[in-house]
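Numbering (mature numbering (1 follows the signal peptide of the UniProt record, and there is no 0)), first residue to last: -24 to -1, 1 to 221. The beta carbon of each residue, even a glycine, is placed where N, CA and C say it ideally should be.
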């Protein structure tokens, strides 16, 4: 067998092996909030306005890293897709190409990494604006959620219009930002962890916050998961009953 033919055969086998062991991932983003959310996604997707009850699907290529999905609120865009958002703004455009500005709740992922596993998490390292869950829907069964009413109970020094800042955004010190690569929990991070045990509360919060699924899994990100919507509905009903009586 000639060298060129051997090289062709080896290349073919490598390509075949790659495509049989790595798969793209389908993502479904749904807005269960009783208000409009402008979903953002990079490096795939860009952004889309989701009115209450609407959803958006897209496919992410195998091996994609640095993936983020997050909700934006208080947005106003013109017909060309330019404008601004109160939380999660990504440079004043509807279709994001950069990460959002704090505060924003973030769903993060990296596909087909070690042992062909997908790694995914919810991060509060850049604060919180909308409750969400990030769950696999195929080949895997467990994922993180963050459904607490953090905005309503946000510590005074972390409060921001439409959200709750992470202390790093406010104080910009190594204690909160882990600039040196070594840091531990703080009273503020413990507050976030108590409210959302599944989520990253500070940059080194890996042990209880990182989730994995086999490559090729499908995922669903829900803004205001059903549990949260139920809580909102109960509160509205209680307020209505009090006003009647």
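By DSSP, does residue 165 sit in helix, in strand, or in coil? To locate residue 165, count along the chain shown from 1; it is residue 189. If DSSP states are grouped into helix, strand and coil, residue 165 belongs with the helices.
Same chain, Cβ closer than 7 Å to residue 50, neighbours up to 5 away in sequence not counted: Mapped onto the chain shown, residue 50 falls at position 74. Counting only Cβ-Cβ distances below 7 Å, and skipping sequence neighbours, we find 61, 62, 63, 138.
If you run the structure through DSSP and keep just helix, strand and coil, what is residue 170? The residue labelled residue 170 in the question sits at position 194 within the chain shown. Correct three-state label for residue 170: helix.
For residue 74, I'd like the list of residues in its chain whose CB is within less than 6 Å of its CB, leaving aside the five on either flank, ordered along the chain. As a working note, residue 74 is residue 98 in the chain shown. Cβ neighbours of residue 74 beyond the five flanking positions: 66, 67.
To the nearest angstrom, report how far apart residue 131 and residue 155 are at their CA atoms. The residue labelled residue 131 in the question sits at position 155 within the chain shown. The residue labelled residue 155 in the question sits at position 179 within the chain shown. Near 23 Å, if we compare the C-alpha coordinates of residue 155 and residue 131.
Put residue 144 into one of helix, strand or coil per three-state DSSP. For this step, residue 144 is matched to residue 168 along the chain shown. In this structure, residue 144 counts as helix in the three-state DSSP scheme.
Roughly how many angstroms separate the alpha carbons of residue 69 and residue 101, rounded to a whole number? Residue numbering aside, residue 69 sits at position 93 when the chain shown is read from its first letter. Residue numbering aside, residue 101 sits at position 125 when the chain shown is read from its first letter. Computed Cα separation, rounded: 23 Å.
What separation, rounded to the nearest whole angstrom, lies between the Cα atoms of residue 48 and residue 110? Here residue 48 is taken as the residue at index 72 of the chain shown, counted from 1. Here residue 110 is taken as the residue at index 134 of the chain shown, counted from 1. Rounded to whole angstroms, residue 48 to residue 110 spans 16 Å at the Cα level.
Suppose the cutoff is 6 Å on Cβ atoms and the five residues either side in sequence are ignored; what does the same chain contact list for residue 40 look like? Within the chain shown, the letter at position 64 stands for residue 40. Closer than 6 Å at Cβ, skipping near neighbours: 87.
Whole-angstrom distance between residue 141 and residue 113, CA atom to CA atom: Here residue 113 is taken as the residue at index 137 of the chain shown, counted from 1. Here residue 141 is taken as the residue at index 165 of the chain shown, counted from 1. Taking the straight line from one Cα to the other gives about 30 Å.
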